[in-house]
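Colleague:
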Amino acid sequence: MAKHVAILYGGWSAEREVSLASGRACCKALEEQGYKVTPIDVQSDIATVLQAVAPDVVFNALHGRVGEDGTIQGLLELLRIPYTHSGVLASALAMQKDKAKIVMESAGVPVPKGLVVNRFEAAKSHVLPAPYVIKPISEGSSYGVIIVREDRSHPPQELTREDWSFGDQVLVETYVAGRELTCAVMGDKALGVIDIRPATGVFYDYDAKYVKGGSIHVLPAEIKPNIYQKVQELALTAHQALGCRGISRADLRYDDTPGGTGELVVLEVNTQPGMTETSLVPELAAHAGYTFGELVQWMVEDATCNR
């Protein structure tokens, strides 16, 4: 008898639309792989719904808060339903970018220099020499990210807006010029490395991530073999240091600009990477020889409690 898989998607985070797209794609692929699938658009009654549905496994296709920060993982542990991706601690830790940086750095993973400040303080005066990046501590999909360039005389005033919804504490980091690289980890193995080039602009923002044609993915990344290997090593080390399980994806910056620093840093580890048609992890898995169906099947078969 085929396993019964409940796919959790949607929810109410800022990344709801991305999660819906990921969930639909995974639902279709798992049905094609022969699983019985029940899609669940997550609301506050999710515990009651899961008890009624009684799945063998939960495929977590949620992104952002609740789904990615250890909350839903804790509930699934209490209900003793095996689930995909990382467990409670790794999910919570990776979502808190400032804390994750401390853990990664202690494991020898280079991270950008930075500090946590109140958003109003960051709007009053430059807290770092430009160029620098301001980002919410616990959001994904580039929500709320501001790049402050050298020619910007005043700090960003959008931080003081009444509709700012990303928390009062923000992470301010030195901007690392050069390439945006990403590398996925599948179990205990680093996959390939993609060089992400935004089709318009210079920043891999929400549209570059999720709009068709928004970015150009160069796979394998056209970088020196020793740097390519180093990226894979750093992605795996970061995954293990944070205690991630299943699939994760590390985002990095590499300064190979003329006269640049040659710096290679890990920006963050994403424990719930997107699974849409333009997503990076399915592309990296395909490069490693896995069809999309085989990838989601591997994730379901990898699911456990106590992650």
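Taking UniProt numbering, the leading residue of the sequence shown gets 1, the next gets one more, and so forth.
All C-beta atoms in this analysis are idealised placements derived from N, C-alpha and C, irrespective of residue type, glycine included.
It should be emphasised that the depicted structure is a prediction, and the values quoted were computed from it without experimental measurement.
(1) Within the segment 89-148, note down every full alpha helix (DSSP H) run reaching 4 residues or more, in order along the chain.
(2) Flag this pair as yes or no: are the beta carbons of valine 133 and glutamate 173 separated by less than 8 Å?
(3) Taking threonine 160 as the reference, which of Asp151, Thr84, Val170, Arg152 has the closest Cα?
(4) Assign alanine 190 to one of three DSSP states: helix, strand, or coil.
(5) Unbroken alpha helix (DSSP H) runs of length 4 or more, entirely within the segment 2-60: which are they?
(6) Taking 8 Å as the cut-off, does the segment 62-77 touch the segment 268-284 (at least 3 CB pairs, one atom from each stretch)?
(7) Is the beta carbon of aspartate 256 less than 8 Å from the beta carbon of glycine 178?
(8) Counting pairs of beta carbons, one from the segment 221-236 and one from the segment 182-194, are three or more of them closer than 8 Å?
(9) Among the residues of its own chain, which have a CB less than 6 Å from the CB of alanine 29, if the five just before and after it don't count?
(10) In three-state DSSP terms, what is aspartate 205?
(11) If you draw a straight line from the alpha carbon of glutamate 121 to that of leucine 252, how long is it in whole angstroms?
(12) Can you give the Cα-Cα distance for proline 155 and alanine 288, rounded to whole angstroms?
(13) Between leucine 89 and the rest of its own chain, which residues show a CB-CB distance below 8 Å, the 5 nearest in sequence each way excluded?
(14) Going along the chain, which residues of its own chain have a beta-carbon closer than 8 Å to the beta-carbon of serine 19, five neighbours each way excluded?
(15) Thinking C-beta only, is valine 103 closer than 8 Å to alanine 241?
(16) Can you list the alpha helix (DSSP H) stretches of 4 or more residues lying completely in the segment 203-265, in chain order?
(17) With distances taken from CA atoms, which of Val109, His4, Leu93, Ala130 is nearest arginine 152?
(18) Do arginine 307 and arginine 245 count as a contact pair if the criterion is CB distance below 8 Å?
(19) For arginine 197, collect the residues of the same chain with a Cβ closer than 6 Å to its Cβ; drop the 5 residues on either side in sequence, then sort them by chain order.
(20) Can you check which of these residues, Lys224, Pro55, Leu236, is closest to valine 109 by C-alpha distance?
(21) Where does leucine 280 fall in DSSP's three states?
(22) So, with DSSP's three-state summary, where would you put threonine 291?
(23) Identify, in the order they occur along the chain, each residue of the same chain with its Cβ nearer than 7 Å to the Cβ of phenylalanine 203, setting aside the five sequence neighbours on each side.
(24) Tell me which residue opens and which closes the alpha helix (DSSP H) that glycine 73 is part of.
(25) When you compare the CB positions of valine 49 and isoleucine 81, do they come within less than 8 Å of one another, or not?
Modeller: Let's see:
(1) Listed in chain order, the complete alpha helix (DSSP H) runs (minimum 4 residues) inside the segment 89-148 are 97-106, 119-124.
(2) yes
(3) Val170
(4) strand
(5) 16-32, 46-53
(6) Verdict: yes, contact present.
(7) yes
(8) yes
(9) Around alanine 29: Phe292, Gly293, Val296.
(10) Caution is warranted here: a pLDDT of 40 is assigned to aspartate 205, below 50, making its placement in the model unreliable, and no coordinate value can be reported.
(11) 27 Å
(12) So the two alpha carbons sit approximately 43 Å from each other.
(13) Gly70, Gly243
(14) Tyr9, Gly10, Gly11, Ser13, Ala61, Leu62, His63, Gly64, Gly67
(15) Using a Cβ distance threshold of 8 Å, alanine 241 and valine 103 count as a contacting pair.
(16) Entirely contained in the segment 203-265, the alpha helix (DSSP H) runs reaching 4 residues are, in chain order, 206-210, 225-242.
(17) Ranking the options by Cα distance to arginine 152, first place goes to Ala130.
(18) yes
(19) Ile216
(20) Among Lys224, Pro55, Leu236, the Cα nearest to that of valine 109 belongs to Leu236.
(21) Note: leucine 280 maps to helix in three-state DSSP.
(22) coil
(23) With a pLDDT of only 49 at phenylalanine 203, under the threshold of 50, the placement of this residue in the model should not be trusted; the figure read from the coordinates follows. Ile147, listed in sequence order.
(24) According to the sequence displayed, residue 73 carries glutamine and not glycine. 71-79 is the extent of the alpha helix (DSSP H) around glutamine 73.
(25) no
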